[in-house]
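Reading through the structure tokens given below for one structure.
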Amino acid sequence: MMAGNSSYPSQSIEVLEFPEDFGTLLSQPAGLVDWPPDQVTYLGLYLKKLGCKSVVRESHYIDRDFILDHSVFYSRSLRNYANHCSRLHFFACPLTPKQWDGLFGPVADAERQTIAAELGRDYLGFIVIKPLLGTPIGRTVLRTYPALTDAGSVRVFGGTRKYEVHLAGYTFTVDGLAFQQQDRGVSACATTALWSSLQKVAHDEKLFVPTPAHITEAASRYLLSDGRSLPSEGLNIQQICEAIRGSGLQPQVVRSISPEEDRAQLAAYIGSGLPPVLAIQPISGGQGHAVCAVGMKTGDLKTLVPPPEHPHHIRAANALQGLYVHDDRLGPYANADLFSWTYTEGGQNRIATALQIHWPDRTQAELSILKALIVPVPDKIRMSITRILVLGTEFAQVAGMYFKEFEARAILNVGYKRGVIYRESAFSFGLSEPGLRRLCCEAVFPRFLGVIEVSAREGPLFDVLLDTTETIFSPSVLMIVKRGALPSTYESSLQLLADHYGAQLIV
Amino acid sequence: MEESNNTKDGADTRPSTEKKEAMPTNEKERLLATIEAAREIVKPTVKRLKESESVSNDLLSMRLEKPAKDDGGEL
């Protein structure tokens, strides 16, 4: 009679110094010649950049995403794939096994909490190691790069969220966005890019966050352009839309038009906490690819001048220099420079948005053309960023023409903001008491506002608030809110603007 | 009788946020003319922006399946 192994597992926790060669933390599978995978090398470089000093390894970790993917796909393989993973935690401080043991010794609670808080400050995140040959990198949440680059550019990671991590009775937190490597079993690049995006959007909307296998199945439930769904050979954009709908959200597809328009869309969606999936086409040819845009890098607005098409204002998004993308062939927060690329199509010169994705040590890069953004948006948002931008362009142009002090230097910024968050921020606008009361106590807002912010170098001039549950921007202007940098002599002009668009004025 | 915010001496007692200060007619006309002029100037930009919403079937059918290790390229 064959006895099954029905005993409960146990685990061990090991404390290690961060190795020079990150690949040594993983064991090379027998028979696999091409080792380590690019993602392992990339993660080693990235963690080095974050200043990682020590590693804590949990030998037995049940990962929700992997165990569900295991039940759908790997449990039916001939090979005996384990249903558990291991997990590596990273710290920016030196940690010895003796110090670790001290966390469980006879110390007072207050002292234990102090030690845990210090360790928490140095916590850089974790990597789940899946028991798969050649594709070991599972759910990975690491801290982002700092807010400023060495050259003084500003980094904004709008696509991240807080993750709570439990390790041996201690709780740590990390702000980031989950990444994982495509395994070519339940997921290809499009699946993992969308999975990362949904880690933010579905979580924020309190929806079930699908696993890669769920995404691939939802994408091919009604639409299978060719071949089988599992193992996954990739998705087309229509299937990505289907998977987004399957997760309770709505897909917003934005065609790439020109570098200026694309920058505006990217900045608005990322800045609004809706990380877009980018459909890109390598210039060298071959298959299309998908990455998830998590953050952006912006330069100095002062160096920008208004373009001839709208000579009285600039878009804040024009300062966008690059993106930070989750590229499943590399790793999280890969640096992607943005620039214009001229090519010939049908005998005509066209200008496209190009992305150059770099390794952290900048030794290798690949050039691609942006084709489209696919953004999972909450069901309640019916007004696209395009439509908010259209109205914003009008308002910013009027401001740059009419307000003499700010002539030809109005700055336009658009995005979505939750009504509750906008109200909270309004306390710092310097509004009058009745104005603040009307905005906070009397106005009824939708869950998501479309916000057009018109500003100058001195600061914000006014905000235009739109009802995003409407499909078009007119007549959906709820309010115009005066901001601090606009002289009060212009209040009557703002009132006229508000009347013109059927909105209330708050001053 | 219609409700009024004016006192007997004619002063407007509404909160400042509700007051509509009189704007000189010429200034009002200048602002309305600016709105019209601004709309005209940004028309090409608006047209280009709206193009981003027209998504062709070719684009929707674009397959995104680049494998982790590509035979042809280095990354």
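Line order of the protein sequences matches chains F and D.
The opening position of the first sequence corresponds to residue 1 in our numbering, with each subsequent residue numbered one higher.
The opening position of the second sequence corresponds to residue 1001 in our numbering, with each subsequent residue numbered one higher.
Each residue gets a CB set at the ideal place from its N, CA and C atoms; glycine is no exception.
What you are looking at is a predicted structure, and each value in this text was computed from that prediction instead of being measured.
Close Cβ partners of residue i (< 7 angstroms) along its chain, the five nearest in sequence each way excluded
| i | result |
| --- | --- |
| Ile1041/D | none |
| Ser153/F | Lys297, Thr298, Gly299, Gln321 |
| Gly392/F | Leu412, Val414, Ile452 |
Chain F contact for residue i (CB, 9 angstroms cutoff)
| i | result |
| --- | --- |
| Met1001/D | Here Met1001/D scores only 39 on pLDDT, less than 50, and its place in the model is too uncertain to base an answer on. |
| Thr1089/D | The question about residue 1089/D has no answer, for chain D in this structure spans 1001 to 1075. |
| Pro1044/D | yes |
Selected residue, minimal CA-CA separation from residue i, among the options
| i | options | result |
| --- | --- | --- |
| Gln364/F | Thr24/F, His313/F, Thr41/F, Glu20/F | Thr41/F |
| Ser258/F | Thr1025/D, Arg1030/D, Ser1052/D, Pro1024/D | Ser1052/D |
| Thr468/F | Pro106/F, Ser6/F, Met479/F, Cys441/F | Met479/F |
| Ser272/F | Ile374/F, Phe448/F, Thr24/F, Pro251/F | Phe448/F |
| Thr144/F | Asp175/F, Ser425/F, Tyr416/F | Asp175/F |
| Gly322/F | Cys440/F, Gly450/F, Ala293/F | Ala293/F |
| Leu32/F | Val398/F, Pro136/F, Leu198/F | Pro136/F |
| Pro303/F | Val464/F, Lys404/F, Ile314/F | It is worth fixing the name first, because residue 303/F is Thr in this sequence and not Pro. Checked all of Val464/F, Lys404/F, Ile314/F; the closest Cα to Thr303/F is Ile314/F. |
| Val56/F | Lys297/F, Leu249/F, Gln99/F | Gln99/F |
| Leu148/F | Val156/F, Leu142/F, Val141/F | Val156/F |
| Val464/F | Arg437/F, Arg457/F, Tyr422/F | Tyr422/F |
| Ala334/F | Lys48/F, Gly346/F, Ile357/F | Ile357/F |
| Leu389/F | Leu431/F, Asp328/F, Arg263/F | Arg263/F |
| Ala456/F | Leu274/F, Arg437/F, Glu260/F, Ala316/F | Ala316/F |
| Asn1057/D | Ser187/F, Thr393/F, Ile237/F, Ala408/F | Ile237/F |
| Ser75/F | Ala213/F, Arg329/F, Pro251/F | Ala213/F |
| Met383/F | Gly158/F, Arg221/F, Glu470/F | Glu470/F |
| Ala279/F | Phe462/F, Asp122/F, Leu355/F, Phe395/F | Leu355/F |
| Leu266/F | Gln113/F, Trp341/F, Gln180/F, Ile385/F | Ile385/F |
| Asp38/F | Thr96/F, Glu111/F, Asn80/F, Asp327/F | Asp327/F |
| His310/F | Lys1043/D, Glu1065/D, Met1062/D | Lys1043/D |
| Val398/F | Tyr343/F, Val454/F, Ser488/F, Ser220/F | Val454/F |
| Ser54/F | Leu78/F, Tyr222/F, Val15/F, His70/F | Val15/F |
CB contact check: residue i to chain D, cutoff 9 angstroms
| i | result |
| --- | --- |
| Ala213/F | no |
| Met1/F | Low local confidence applies: a pLDDT of 48 at Met1/F is under 50, so the model's placement there is unreliable, with the coordinate-based value given in what follows. Output row for Met1/F: interface = no. |
| Pro360/F | no |
| Tyr74/F | no |
| Lys371/F | yes |
| Ser258/F | yes |
| Glu394/F | yes |
| His312/F | yes |
| Cys441/F | no |
| Gln397/F | yes |
| Val390/F | yes |
| Ala116/F | no |
| Ala426/F | no |
| Ala503/F | no |
| Ala188/F | yes |
Cβ-based neighbour list, residue i, same chain, cut-off 6 angstroms, excluding 5 preceding and 5 following
| i | result |
| --- | --- |
| Arg255/F | Ala372 |
| Glu20/F | none |
| Gly246/F | Ala218 |
| Leu45/F | Pro360, Asp361 |
| Val1055/D | none |
| Met401/F | His312 |
| Asp1009/D | Note that Asp1009/D has pLDDT 46, beneath the 50 cutoff, so the model's placement of it is unreliable and the number below is only indicative. Around Asp1009/D: no qualifying Cβ. |
| Leu68/F | Thr211 |
| Gly459/F | Gly484, Ala485 |
Within chain C, the residues that residue i reaches when beta carbons sit closer than 9 angstroms
| i | result |
| --- | --- |
| Glu1053/D | Of the protein chains in this structure, namely F and D, none is chain C. |
Cut-off 8 angstroms between Cβ atoms - residues of its own chain near residue i, not counting five sequence neighbours on either side
| i | result |
| --- | --- |
| Ala82/F | Pro131 |
| Ile270/F | Val156, Gly158, Gly159, Pro276, Ala293, Val294, Gly295, Met296, Leu323 |
| Arg576/F | Nothing can be reported for residue 576/F, as the shown portion of chain F is limited to 1 through 507. |
* Pair every Cβ in the region 1019-1038 of chain D with every Cβ in the region 192-211 of chain F, then say whether three or more of these pairs are closer than 8 angstroms. => No: fewer than three Cβ pairs fall under 8 angstroms.
* Counting Cβ pairs, one atom from each stretch, are 3 or more of them under 8 angstroms apart for the region 378-388 of chain F and the region 231-243 of chain F? -> Contact between the region 378-388 of chain F and the region 231-243 of chain F is absent: fewer than 3 CB-CB pairs across the two stretches fall below 8 angstroms.
* Give, in chain order, every residue of the region 46-60 of chain F whose Cβ lies closer than 8 angstroms to some Cβ of chain D. => Under the 8 angstroms Cβ criterion, the region 46-60 of chain F contributes no residue.
* Asked: Of all the residues that make up the region 489-501 of chain F, which are near chain D by a beta-carbon distance shorter than 9 angstroms?
  -> For the region 489-501 of chain F, which is checked against every Cβ of chain D, the residues closer than 9 angstroms are Glu491, Ser492, Ser493, Gln495, Leu496, Leu497, Asp499, His500.
* Of the residues that make up the region 234-250 of chain F, which ones have a beta carbon closer than 7 angstroms to any beta carbon in chain D? -> Within the region 234-250 of chain F, the residues whose Cβ lies closer than 7 angstroms to some Cβ of chain D are Gly234, Leu235, Asn236, Ile237, Gln238, listed in chain order.
* What residues in the region 293-309 of chain F bring their beta carbon closer than 7 angstroms to a beta carbon of chain D? -> Listed in sequence order: Glu309.
* the region 401-418 of chain F: which residues have C-beta closer than 7 angstroms to a C-beta of chain D, in chain order? -> Taking 7 angstroms as the Cβ-Cβ cut-off against chain D, the residues of the region 401-418 of chain F that qualify are Met401, Tyr402.
* Asked: Is the region 279-293 of chain F touching the region 413-430 of chain F, taking contact as three or more C-beta pairs under 8 angstroms?
  -> Contact between the region 279-293 of chain F and the region 413-430 of chain F is absent, because fewer than three Cβ pairs lie under 8 angstroms.
* Asked: Taking any Cβ of chain D, which residues in the region 190-209 of chain F have a Cβ under 9 angstroms from it, in chain order?
  -> For the region 190-209 of chain F, the set of positions with a beta-carbon nearer than 9 angstroms to some beta-carbon of chain D reads Ala190, Ala193 in chain order.
* Evaluate contact between the region 85-96 of chain F and the region 53-71 of chain F, counting only Cβ atoms and requiring at least three cross-stretch pairs below 8 angstroms. => Segment contact: the region 85-96 of chain F against the region 53-71 of chain F, three or more CB-CB distances shorter than 8 angstroms; contact assigned.
* **Contact list for the region 260-288 of chain F against chain D, Cβ threshold 9 angstroms** => Within the region 260-288 of chain F, those residues whose Cβ lies closer than 9 angstroms to any Cβ of chain D are, in chain order, Glu260, Glu261, Asp262, Ala264, Gln265, Val277, Ala279, Ile280, Gln281, Pro282, Ser284, Gly285, Gly286, Gln287, Gly288.
* Asked: Do the region 342-355 of chain F and the region 190-199 of chain F make contact, defined as three or more Cβ pairs closer than 8 angstroms?
  -> By the Cβ rule, the region 342-355 of chain F does not count as touching the region 190-199 of chain F, because fewer than three pairs are nearer than 8 angstroms.
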